[in-house]
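Asker: Got a structure for you, written out below as C-alpha cells; questions coming shortly.
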Amino acid sequence: MIIDGKQVAQDIRNELKQEVSELNEKGLKPGLTVILVGEDPASQSYVKGKERGCEEVGIVSNVIRKPATTTEEEVLGLVQQLNEDPAVHGILVQLPLPNHISEDLVIQAIDPDKDVDGFHPINVGRMMIGQPCFLPCTPHGVIEMIKRTGTEISGKHAVVIGRSNIVGKPVSMLLLQENATVSICHSRTADLAAITRQADILVVGVGAAHMIGAEHVKPGAIVIDVGVNRIETGKLVGDVRFDEVKEIASHITPVPGGVGPMTITMLLKNTVEACKNQAVTQEA
Ligand SMILES: Nc1nc(=O)c2c([nH]1)NC[C@@H]1CN(c3ccc(C(=O)N[C@@H](CCC(=O)O)C(=O)O)cc3)C=[N+]21
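Each residue of the sequence shown is one higher than the one before, starting from 35 at the first, in the numbering used here.
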C-alpha cells in the first residue's frame, strides 16, 4: 500500500485550519517568519511550499529574503529582533546557510520557545529526555505517517539508515520513545542488507538516489523514504527504488508526495503550538 503523504498532510492541515480559526476568535494570530539567505533554488522552492502551507491554514507568514553576502552579525541581529517580536511565534532559518555564516550560532540564537524547527540544542536535549518540546518536523512527520497506517510501533524492530542530526538521529530517538527496538545503520555499517532485512519498520534518510532496493527489505515491512534527490533529468527521487520495493513492502512512501508534504505540515503544527504556548506565558 502506498502511503499518500499529501493526503495525510491534508487531513492534518484541515485540523489545523479549524484550530487556527478558534485561536483567531480569541484574538490570537499564529505567525511564522522564515529567514532565507541566498538564492539556492531548492531553498526557494521549499520556502514557497512553507508560505503556501501557512496561507492554507491561516498562519500569518513572512519571509525575510537576504542576499548571500549577508553577514553573520546581520542574521544574528535579525533573529534577535524576531525573538523580541510578540507577533512572531515561530522562527525558521532556512538551511543551508552560506559558508561564512555558522549554522550552529544562528540556531542557538533562536529563542527555544520560537524554534519551530526543533533544531535548538535545548529542544534536542528536551526530546532526548522525553520532555515537552518542538519535535523536528521531518522526524515528527515520519512517526505520524507510520501511526496513521494503523501499525503498532511498540515492540517492532525499526531500522533507521542514516545518522544525520536532522533525520537519522531524531527519528531513531522518537521511534525509541514509541517503544520500538531501534537499530541505526550508516555508511560504515557492515553488511547493511543483513540488518535492514530484519526491519519491521525501515526509515531511510541517506541522501543517495535509489540506494535501497528489494534486497534490503523484509517482505511486509513498512518503508519510509526520507530521501529527496534531484537527478540530472530534474526529477525528484527518493533513496529507495520505489518500483521494486513497493512489490514487497506492506506500506511505502513515494517521493515526491510522501514525507515532504508532512515535513511542512509539522512545521505548521509547531507554529500553532508555539502561538498557544506563548499566549499562556503572556497571561501568566
Ligand atoms: N531550517 C530548515 N528547516 C527545514 O525543514 C528544511 C531546511 N531548513 N532546509 C531544507 C530541508 C528540506 N525540506 C523539505 C521540505 C519540504 C519538501 C517537500 O514538500 N517536497 C515535496 C516536493 C517538492 C518539490 O517538488 O520540489 C514532496 O516531497 O512531495 C521537501 C524538503 C525542509 N528542510
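We put the beta carbon where it would ideally sit given N, CA and C, even for glycine. Keep in mind the model is a prediction, meaning the values are calculated, not measured.
May I have a chain-ordered list of the alpha helix (DSSP H) segments no shorter than 4 residues that lie completely inside the segment 197-283?
Answerer: Qualifying alpha helix (DSSP H) stretches, in chain order: 202-211, 226-230, 276-279.
Asker: Within the present structure, is the beta-carbon of T305 separated from the nearest heavy atom of ligand 1 by less than 7 Å?
Answerer: Outside the cutoff, so no.
Asker: On a Cα-Cα basis, can you pick out the residue from N263, S55, N48, A227 that is closest to C309?
Answerer: Closest option to C309, Cα to Cα, is S55.
Asker: Using three-state DSSP, classify G189 as helix, strand or coil.
Answerer: Coil.
Asker: Taking all protein chains shown into account, do 16 or more other C-beta atoms lie within 10 angstroms of the C-beta of A233, making it buried, or fewer, making it exposed?
Answerer: By the 10 Å Cβ count, A233 comes out buried.
Asker: Please list, in chain order, all residues of the same chain as A227 whose beta carbon is under 8 Å from its beta carbon, the five residues on each side excluded.
Answerer: Only E249, H250 meet the Cβ criterion.
Asker: Determine, using beta carbons only, whether S95 and C88 come nearer to each other than 8 Å.
Answerer: For S95 and C88, yes; Cβs fall inside 8 Å.
Asker: So, does the segment 213-230 touch the segment 133-148, judging by three or more C-beta pairs under 8 Å?
Answerer: Flag = no, the segment 213-230 and the segment 133-148 do not touch.
Asker: Considering just the uninterrupted stretch of the beta strand (DSSP E) at G127, what are its terminal residues?
Answerer: According to the sequence shown, residue 127 is Val rather than Gly. Element bounds for V127: 124-127.
Asker: Straight-line CA distance for P66 to L110?
Answerer: For the record, residue 66 in the displayed sequence is Leu; it is not Pro. Cα to Cα, L66 sits roughly 17 Å from L110.
Asker: Taking only three categories from DSSP, how would you classify I69?
Answerer: Residue state, collapsed to three classes: strand.
Asker: Considering only residues of the same chain and omitting the five flanking positions on each side of I156, which have a CB-CB separation below 7 Å?
Answerer: So the qualifying residues of the chain are P146.
Asker: Our contact map puts C171 next to N304 with C-beta atoms below 8 Å; I'd like the distance itself, whole angstroms only.
Answerer: Sure, about 7 Å apart at Cβ, within 8 Å.
Asker: I need the straight-line Cα distance from T105 to V240, nearest angstrom please.
Answerer: Using only the alpha carbons, I get a separation of about 31 Å.
Asker: Confirm, please, whether the CB-CB distance from V314 to V293 is below 8 Å.
Answerer: Not in contact: V293 and V314 (Cβ atoms no closer than 8 Å).
Asker: Between which two residues does the alpha helix (DSSP H) holding K63 run?
Answerer: First-last for K63: undefined, no H or E at that position.
Asker: Can you tell me which of A243, G164, G254, L112 puts its alpha carbon nearest to the alpha carbon of T267?
Answerer: Looking at the Cα atoms, A243 is the closest of the given residues.
Asker: Can you find a heavy atom of ligand 1 that lies under 7 Å from the Cβ of P295?
Answerer: It does: the Cβ of P295 is within 7 Å (strictly closer) of some heavy atom of ligand 1.
Asker: What does S95 pair with, by DSSP beta-bridge criteria?
Answerer: Beta-bridge pairing links S95 to L66.
Asker: Just to confirm, does L70 get its C-beta within under 7 Å of one of the non-hydrogen atoms of ligand 2?
Answerer: This structure lacks ligand 2; the ligands present are ligand 1.
Asker: Bridge partners for V194 per DSSP, in chain order?
Answerer: Bridge partners of V194: I218, V237.
Asker: Between L129 and the rest of its own chain, which residues show a CB-CB distance below 7 Å, the 5 nearest in sequence each way excluded?
Answerer: Within the same chain, L129 has close Cβ partners E137.
Asker: Rank I195, V216, I246, L209 by C-alpha distance to the C-alpha of R222 and give the top, closest one.
Answerer: Selected option, being the one with the closest Cα: I195.
Asker: Considering Cα atoms alone, identify which of A192, I200, G202 is closest to S217.
Answerer: Of the listed residues, the one whose Cα sits closest to S217 is A192.
Asker: Using three-state DSSP, classify H174 as helix, strand or coil.
Answerer: Helix, per DSSP.
Asker: Please find out if some non-hydrogen atom of ligand 1 comes closer than 7 Å to the beta-carbon of C171.
Answerer: Because some heavy atom of ligand 1 lies under 7 Å away, the Cβ of C171 counts as near it: yes.
Asker: According to DSSP, is I36 part of a helix, a strand, or is it coil?
Answerer: Strand.
Asker: One question on the structure: do T287 and I258 come within less than 8 Å of each other, judged by their Cβ atoms?
Answerer: Result yes, Cβ atoms of T287 and I258 sit closer than 8 Å.
Asker: Heavy atom of ligand 1 less than 7 Å from the Cβ of V289, yes or no?
Answerer: V289: yes, Cβ under 7 Å from ligand 1.
Asker: Leaving out five residues on either side along the sequence, give the residues of the same chain with a beta carbon under 8 Å from the beta carbon of L131.
Answerer: Result list for L131: V71, G72, V109, E137, V140, in chain order.
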